[in-house]
Structure formats: C-alpha cells, structure tokens
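> Questions regarding the structure given below will be posed in turn.
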C-alpha cells in the first residue's frame, strides 16, 4: 500500500514538473509527413516552392534558402514551427508570409508542414 502511494506520488511529481525520464522526442508518422508535403507543395496553400528549392518539388523559387538539412538548422522543431507560424517574430523585414498568424494555413496545416519540412 505504501509503495503504491510512493510510486503514485513520484509519477505525479514527474507529470507536474514536466520531467522526462526517457528523453523528449516525437517521431512524425509517414502520413503526417506526406500530408505536410501536399500542403507545402500546394500552390493555393503553403506554396513553399514559390520561394524555396525542396527535393521532389518542381519549378522552385530561389528567394528563400533551399530547404535541406532542416534538423541541423532547427534542432528544436518548435523553433521551425514558430518560423512557419510567424516569420516576422524573428525578422520583421522578412518577405516570408506569417502563415499561421495571418491564417493562411490552419494550425493543423502548419503542424503538418512543420513535420514535412523537419523531415528534409
């Protein structure tokens, strides 16, 4: 009985403090990456190819940097998500549209695009 209470108390502390025992990582599903690619390549949605060269894309632009080695460029996926959501937060003079802030994409679409771009 006491062991059960101690274990329950430890689990509660871990959850309340946000302590991670096994490390913090998430693996995107192949479906999320595929769906994100569709949004990113859709000329009426993300339209990432208008400015960026992306493997598998056709008629890429060269205004923005090529989207390669994204895990090295954005080790924290949340930073990449923030860049896609509102690129003006880090650079007010950027020409990259703030896709989430201006509701060009939904929150879910930004998440999917983030998963796809992060996989590059």
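In my numbering, the protein residues as written are 116 to 235.
C-beta: ideal position from N, C-alpha, C; glycine also.
Can you tell me which of the three DSSP states residue 166 falls into?
For the purposes of this step, residue 166 is taken as the residue at position 51 of the chain shown. If DSSP states are grouped into helix, strand and coil, residue 166 belongs with coil.
> Where do the N-terminal and C-terminal ends of the alpha helix (DSSP H) with residue 229 fall, by residue?
On the chain shown, position 114 is the one that residue 229 refers to. Counting along the chain, the alpha helix (DSSP H) containing residue 229 begins and ends at 222-233.
> Which residues in the same chain as residue 241 place their Cβ atom closer than 8 Å to its Cβ, once the five residues preceding and following it in sequence are excluded?
What the structure shows of the chain is the stretch from 116 to 235, and residue 241 is not part of that stretch, so it cannot be assessed.
> State yes or no: is the C-beta of residue 160 within less than 8 Å of the C-beta of residue 220?
Position 45 of the chain shown, counted from the first residue, corresponds to residue 160. Position 105 of the chain shown, counted from the first residue, corresponds to residue 220. Against a cut-off of 8 Å, the Cβ pair of residue 220 and residue 160 comes out as a contact.
> For the alpha helix (DSSP H) holding residue 192, just list the boundary residues, first then last.
Start at 1 with the first residue of the chain shown, and residue 192 comes out as number 77. First-last of the alpha helix (DSSP H) with residue 192: 192-200.
> Would residue 232 pass as a contact of residue 185 if the rule is Cβ separation under 8 Å?
Along the chain shown, read from residue 1 onward, the residue named residue 232 stands at position 117. Along the chain shown, read from residue 1 onward, the residue named residue 185 stands at position 70. Yes, Cβ-Cβ distance for residue 232 and residue 185 is below 8 Å.
> May I ask you to report which of helix, strand or coil DSSP gives residue 150?
Locating residue 150 in the chain shown gives position 35, counting from the first residue. Helix.
> Can you find a heavy atom of the ligand GTP that lies under 7 Å from the Cβ of residue 152?
The ligand GTP is not among the ligands present in this structure, which contains no ligands whatsoever.
> Rounded to a whole number of angstroms, what is the C-alpha to C-alpha distance between residue 206 and residue 188?
Residue mapping note: residue 206 aligns to position 91 of the chain shown, counting from 1. Residue mapping note: residue 188 aligns to position 73 of the chain shown, counting from 1. If you take the alpha carbons of residue 206 and residue 188, they lie about 16 Å apart.
> Just the Cα atoms here: how many angstroms apart are residue 201 and residue 216?
For this step, residue 201 is matched to residue 86 along the chain shown. For this step, residue 216 is matched to residue 101 along the chain shown. Their Cα atoms are separated by approximately 6 Å.
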